[in-house]
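Sequences listed follow chains A and B, in order. Residue 306 in our numbering sits at position 287 of the first sequence, with consecutive numbering throughout. Residue 295 in our numbering sits at position 158 of the second sequence, with consecutive numbering throughout. Ideal Cβ positions, reconstructed from N, Cα and C, are used throughout, including at glycine. Predicted model only: the values in this text are computed from it and were never measured. Just below is one structure, and these are the notes that go with it.
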Amino acid sequence: MRLTGAEITIQCLQEEGVEFVFGYPGGAVLYIYDALFNQDKVKHILVRHEQAALHAADAYARASGRTGVALVTSGPGVTNAVTGIATAYMDSIPMVIISGQVPTPAIGLDAFQEVDTVGITRPCVKHNFLVKHVDELASTIKKAFYVAASGRPGPVLVDIPKDVSQHIAEFVYPKSVSMRSYNPVTKGHSGQIKKAVQMLMEARRPMIYVGGGVILGNAAEQLTKLVRDLGFPCTNTLMGLGAYPGTDPQFVGMLGMHGTYEANLAMQHCDVLLAVGARFDDRVIGNPQHFFSENRRIIHVDIDPSSISKRVRVDVPIVGNVADVLEEMQKLVNAATARPDATALKDWWKQIGEWRGRDCLRYDRTSNLIKPQYVIEKLYEVTGGDAIVTSDVGQHQMWAAQYYKFDKPRRWLNSGGLGTMGFGLPAAMGAQMAFPEATVACVTGEASIQMCIQELSTCKQYHLPVKIVNLNNRYLGMVRQWQQILHGNRYSESYMDALPDFVKLAESYGHVGVRIENPADVEPALREAFALKDRVVFMDFMTDQTENVFPMVKAGQGLTEMLLGAEDL
Amino acid sequence: MRHILSLLLENEAGALSRVAGLFSARGYNIESLTVAPTEDPTLSRMTIVTSGSEEVIEQITKQLNKLIDVVKVFDLNEGNYIERELMLVKVRAEGKDREELKRTADIFRGRIIDVTDRTYTIELTGPRDKLDAFLDAIDRSQILETVRTGASGIGRGEWVLRV
Ligand SMILES: Cc1cc2nc3c(=O)[nH]c(=O)nc-3n(C[C@H](O)[C@H](O)[C@H](O)COP(=O)(O)OP(=O)(O)OC[C@H]3O[C@@H](n4cnc5c(N)ncnc54)[C@H](O)[C@@H]3O)c2cc1C
Ligand SMILES: Cc1ncc(C[n+]2csc(CCOP(=O)(O)OP(=O)(O)O)c2C)c(N)n1
Ligand SMILES: [Mg+2]
C-alpha cells in the first residue's frame with residue numbers, strides 16, 4: 020500500500036490501537052491533520068494550548084496504563100509542549116509525541132517556525148527521533164511506541180518534517196522491534212531475590228517503601244499480597260499512592276517532606292528496608308546525612324539500574340520489573356519455613372502505634388473558616404473514595420495526598436517530579452477521556468488553575484464533566500508557607516490580587532460555578548456538584564488563608580525533624 | 138579518580154550530542170572525548186576520559202547505558218589497558234634551538250612533520266603524561282600552538298569490546 024507520510028503516521032497510530040490524540044494544528048502538521056480528517060478510528064481532541072495536550076495525553080496514560088499520544092506543530096507548538104514533556108519525563112510516563120518540523124531542505128536556515136526540536140527536548144525525553152526520509156517513518160514510530168512503554172517508561176518524540184509527511188512510500192508496519200542498543204530487563208537476579216527474602220525474614224523492624232514504579236508496572240496486587248503476608252508496615256510515596264491501599268491498617272501513610280509522623284519515623288528507625296519502584300527522592304529521605312546516621316539494611320527493586328545507589332547506597336540491589344520480582348519473592352516467602360520474629364514484630368507495631376498516636380494529621384475542626392483538609396475529607400466521603408483525583412501543585416496537592424485515601428492504583432494523578440502548576444485540569448480531561456463513566460475531580464488552587472484555565476473550553480467541546488475543587492486561599496499558598504517558615508514572614512509576591520470571579524468565569528464557558536464560604540456548606544455543595552453527572556462544576560471554596568501543610572520537613576533537615584503544627588513554628 | 142570509558146554507539150546523527158549533553162546536564166567531569174566510526178560503519182567507538190568518586194563513575198556508566206543510542210559501555214580501568222593520544226605541536230625553532238628541539242623530539246620518539254625557516258611542527262603519540270612531559274621539557278615560550286586529540290583507549294590482551 021503506497022501512502023503519504025501523513026497517512027503512514029495515522030496508520031501507525033491505528034496499528035498501535037491509539038484511541039485519542041491530543042493536539043493542536045499548525046503549518047508543519049497540515050498534511051497529518053488532513054490524514055486525520057479522512058478517517059475516524061483515531062479521535063483527535065483539540066485542546067486550547069499545547070501544554071494541555073501533553074498533560075491530557077499524560078494523564079490518559081497514568082489513568083489507563085496505555086501510551087498517551089500528543090500531536091503538535093513545529094516551533095511554538097513544540098516549545099509550548101516542552102513543560103508537558105518534562106512533566107511526563109520526570110514521572111516516567113509512557114507517551115509518544117509527534118511534532119511537525121519545517122521541510123528537510125529548510126532545516127538549519129532559521130526557517131519560519133523552526134526550532135531544534137530534537138535539541139530542545141533531548142534532556143527531557145526518554146528518546147527522540149528526527150525522521151529524515153519517509154521510508155523510515157513507520158519503523159521509527161514503531162520504535163517510539165516500543166521504547167516509550169517498555170523498561171522504565173517515558174516520553175518519546177518523533178519529529179516529522181513537512182516534506183516527509185507529504186512524500187510517498189510503501190507502508191509496512193513492522194510486527195516487532197529489536198534494537199541492539201536497547202534491551203530492558205524483566206526478571207530480577209534470583210540469587211539477589213533469595214538474599215532479599217532471607218533479609219526480610221531476619222528483620223526485627225521491617226519497613227516497606229513503595230513508589231510510582233509499582234503503579235507504572237501494574238504490580239499493586241502482587242505488592243499488596245506480599246505486604247499482607249509478611250505483616251509489615253508499608254508506606255507509599257506521593258507517586259505511589261494507591262499502590263498499597265490507603266485504608267489498610269498496615270498502611271502508615273505517605274512518607275517524606277509532608278509525610279506522616281509514623282511513616283517518617285518508621286523509615287528512619289527500621290532495620291530492614293524494602294524499597295520497591297521508588298527512587299529515594301530528596302523530598303522523601305530529607306537530608307541524606309541524617310538518613311545515613313541510622314543503620315539499616317536496604318533492598319532496592321527497580322527496573323532502572325541508575326535509580327539504584329544514586330542517592331542512597333543499598334545492600335541488595337535487584338534490577339527487574341516489579342511484578343516479576345514480587346512474584347518471585349512471594350514464591351520464596353510461601354516456601355520459607357523461617358518467619359520474622361513475631362515478638363520483635365509485635366514490639367515494632369507497638370512502637371508504630373505510639374507514633375500514630377500523635378495523630379499528626381489532626382487540624383482545627385471547630386474553626387468558622389473552611390479548612391482545606393475538611394474539604395478533602397468531604398470530597399473523599401462524597402465520592403465514596405472512588406474518584407480519579409487529579410491535582411495541581413501546592414498546598415492543595417499535599418492535602419489531597421494526605422486526606423484522600425487511595426485504595427486503588429491509577430486514581431491519583433499528579434505531577435510529583437517536576438511539580439508542574441497547570442497539570443490538574445488538562446489531566447482531569449485526559450482521565451475522563453480514558454474513563455468516560457468515572458467520577459473525575461481536579462483538586463487545585465486559585466493560582467495553579469489559572470495556568471491552564473483555558474481548557475474549560477475543551478471540557479465544553481468534548482462534554483467532559485470533570486469537577487473542579489478549587490481550594491482558594493488567595494495565596495500562592497505553598498510559597499507563602501515557605502516564606503513564613505523559612506524567610507521570616509516576608510511574603511514576597513505570593514499574594515495574588517485581582518482574582519477572577521471563578522463562578523462567572525465557569526459560567527462564561529458554559530459550565531456551572533459555585534462559591535462556598537461556610538464550613539456548613541461544604542458537604543452539600545459537593546453533593547450537589549457530584550450529582551450533576553453531565554456538567555462541569557467549578558467549586559470555588561474560600562478556605563482559611565493562612566493554613567499550612569503539616570507535618571513538614573524543612574529542606575535540608577532530617578526526615579524525623581518534623582514540624583507537626585503551628586505550635587512548632 | 139581518573140577513568141577511561143570506552144563506548145560503542147550507534148553511528149547516528151545526534152548520538153554525540155546525547156552523550157555530551159548528559160555530561161553537562163548532570164555536571165560530570167569530562168577531560169576529553171574522542172569519537173569516530175569503526176570498521177562497522179553503523180557503529181562508532183568513543184573514548185571518554187572523566188574523573189570522579191566510585192559512586193559518580195558508577196552513575197556515569199549507568200546513565201550512559203541508559204541512552205538509547207549507546208550499545209555498550211566499558212570502564213577500561215576495570216582491567217589492563219593501553220591509552221594513546223596524538224599531539225601536534227608547532228614550535229618556534231630558530232638558531233641553536235633548532236638542534237635542541239630536534240633532539241628533544243627524538244628522545245620522546247616524536248617526528249618533525251613540517252618545517253619552515255623559523256618553525257617545526259612535531260607529531261607525538263603516547264599516553265597523556267608523556268605528552269605533558271614533552272611540553273614540560275621544551276621551553277614554554279617556544280610553543281606556538283598545540284593540538285591534542287584526547288585519549289583513545291583499548292583493553293590489553295585477548296579482551297575485546299564488541300557488539
Ligand atoms: C509540592 C511537592 C511536595 C512533595 N512532597 C513529597 C512528599 O512529601 N513525599 C513524597 O513521597 N513525594 C513528595 N513529592 C514528590 C517528589 O518530588 C517525587 O516526585 C516523588 O517522591 C518520587 O516518587 P517515587 O520515588 O515513587 O518515584 P517515581 O518518580 O514514581 O519513579 C518510579 C521509580 O520506579 C521505577 N520503575 C518504573 N517502572 C518500573 C517497573 N515496571 N518495575 C520496577 N521499577 C520501575 C523507575 O525506574 C523509578 O526509579 C512532592 C512533590 C511536590 C511537587
Ligand atoms: C509552573 C510553576 N511555576 C511555579 C511553581 C512554584 N510553586 C509551587 S506551589 C506554588 C503556589 C501554588 O499556588 P496555588 O495553586 O494557589 O496552590 P496553594 O499552594 O495555594 O494550594 C508555586 C508558585 C510551580 N510549581 N510550577
Ligand atoms: Mg492558593
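{"Query": "Host alpha helix (DSSP H) of M417 of chain A (start-end)", "Result": "Q414 to Y422"}
{"Query": "Range of the contiguous alpha helix (DSSP H) that encloses L398 of chain A", "Result": "P391 to V401"}
{"Query": "Per-residue DSSP class, three states only, for F289 of chain B", "Result": "Before going further, note that residue 289 of chain B is Ser rather than Phe in the sequence given. Residue state, collapsed to three classes: strand."}
{"Query": "Euclidean distance between Cα positions of N202 of chain B and V208 of chain B", "Result": "7 Å"}
{"Query": "Identity of the residues DSSP links to M226 of chain A by a beta bridge", "Result": "A:L292"}
{"Query": "C379 of chain A (DSSP reduced to helix, strand or coil)", "Result": "coil"}
{"Query": "Strand pairing of P174 of chain B, partner residues [DSSP]", "Result": "B:S181"}
{"Query": "F251 of chain A, DSSP secondary structure in three states", "Result": "coil"}
{"Query": "Element boundaries [beta strand (DSSP E), containing K214 of chain A]", "Result": "Counting along the chain, K214 of chain A falls outside any beta strand (DSSP E), though it belongs to the alpha helix (DSSP H) covering S209 to E221."}
{"Query": "Residue-level contact to chain A via CB, G189 of chain B, 7 Å cutoff", "Result": "no"}
{"Query": "Interface partners of V300 of chain B on chain A, CB under 8 Å", "Result": "R199"}
{"Query": "For A460 of chain A: DSSP bridge partner residues", "Result": "A:V408 and A:K486"}
{"Query": "Inter-residue Cα distance where the pair is L551 of chain A and E474 of chain A", "Result": "20 Å"}
{"Query": "Supposed contact pair A288 of chain B and T175 of chain B - C-beta distance, whole angstroms, cut 8 Å", "Result": "In fact, because the Cβ distance is near 17 Å, the residues do not count as touching under 8 Å."}
{"Query": "I249 of chain B - containing beta strand (DSSP E), residue span", "Result": "R248 to V252"}
{"Query": "Close Cβ partners of D553 of chain A (< 6 Å) along its chain, the five nearest in sequence each way excluded", "Result": "P484"}
{"Query": "Nearest neighbour of E456 of chain A, chosen from A:I407, A:G138, A:F442 and A:G438 [CA to CA]", "Result": "A:I407"}
{"Query": "Helix, strand or coil at R85 of chain A according to DSSP, with G and I counted as helix", "Result": "coil"}
{"Query": "Rounded straight-line distance, which links the Cα of L380 of chain A to that of Y602 of chain A", "Result": "Lying before the first or after the last residue shown, residue 602 of chain A is absent from chain A, which here runs from 20 to 588."}
{"Query": "Paired residues, beta bridge with K62 of chain A - DSSP", "Result": "A:F39"}
{"Query": "3 or more residues per run - each beta strand (DSSP E) lying fully within the region 151-199 of chain A", "Result": "174-180 and 187-189"}
{"Query": "Close Cβ partners of H530 of chain A (< 8 Å) along its chain, the five nearest in sequence each way excluded", "Result": "L475, C478, K479, R554, V555, V556 and F557"}
{"Query": "Residues bridged to D212 of chain B (per DSSP)", "Result": "B:L142"}
{"Query": "Alpha helix (DSSP H) segment containing I194 of chain B, residue limits", "Result": "E191 to K203"}
{"Query": "8 Å CB neighbourhood of Y192 of chain A in its chain, flanking five on each side removed", "Result": "Q30, C31, E34, A157 and K161"}
{"Query": "Local conformation of G259 of chain A per DSSP, three classes", "Result": "helix"}
{"Query": "The region 144-175 of chain B: positions lying closer than 8 Å to chain A by Cβ", "Result": "L146, E147, A150, G151, S154, R155, G158 and A162"}
{"Query": "Straight-line gap, E526 of chain A to V533 of chain A (C-alpha atoms, nearest Å)", "Result": "10 Å"}
{"Query": "Among A:L90, A:L274 and A:M448, the one whose alpha carbon lies nearest that of V40 of chain A", "Result": "A:L90"}
{"Query": "Coarse secondary structure for E149 of chain B, derived from DSSP in three states", "Result": "coil"}
{"Query": "Beta-carbon neighbours of S325 of chain A, restricted to chain B and to distances below 7 Å", "Result": "Q196, K199, Q200 and K203"}
{"Query": "DSSP beta-bridge partners of W431 of chain A", "Result": "A:V408"}
{"Query": "Closest Cα partner of E178 of chain A within the set A:G138, A:Y481 and A:N202", "Result": "Note that residue 178 of chain A is Asp in the sequence shown here, rather than Glu. Comparing Cα-Cα distances from D178 of chain A to each of A:G138, A:Y481 and A:N202, the minimum goes to A:G138."}
{"Query": "CB contact check: V208 of chain B to chain A, cutoff 7 Å", "Result": "yes"}
{"Query": "Listed by chain order, chain B residues near R298 of chain A by CB distance under 7 Å", "Result": "Simply none; closest approach about 13 Å."}
{"Query": "When A:G275, A:M198, A:E400 and A:M20 are compared against Y228 of chain A, the one with the closest alpha-carbon", "Result": "A:G275"}
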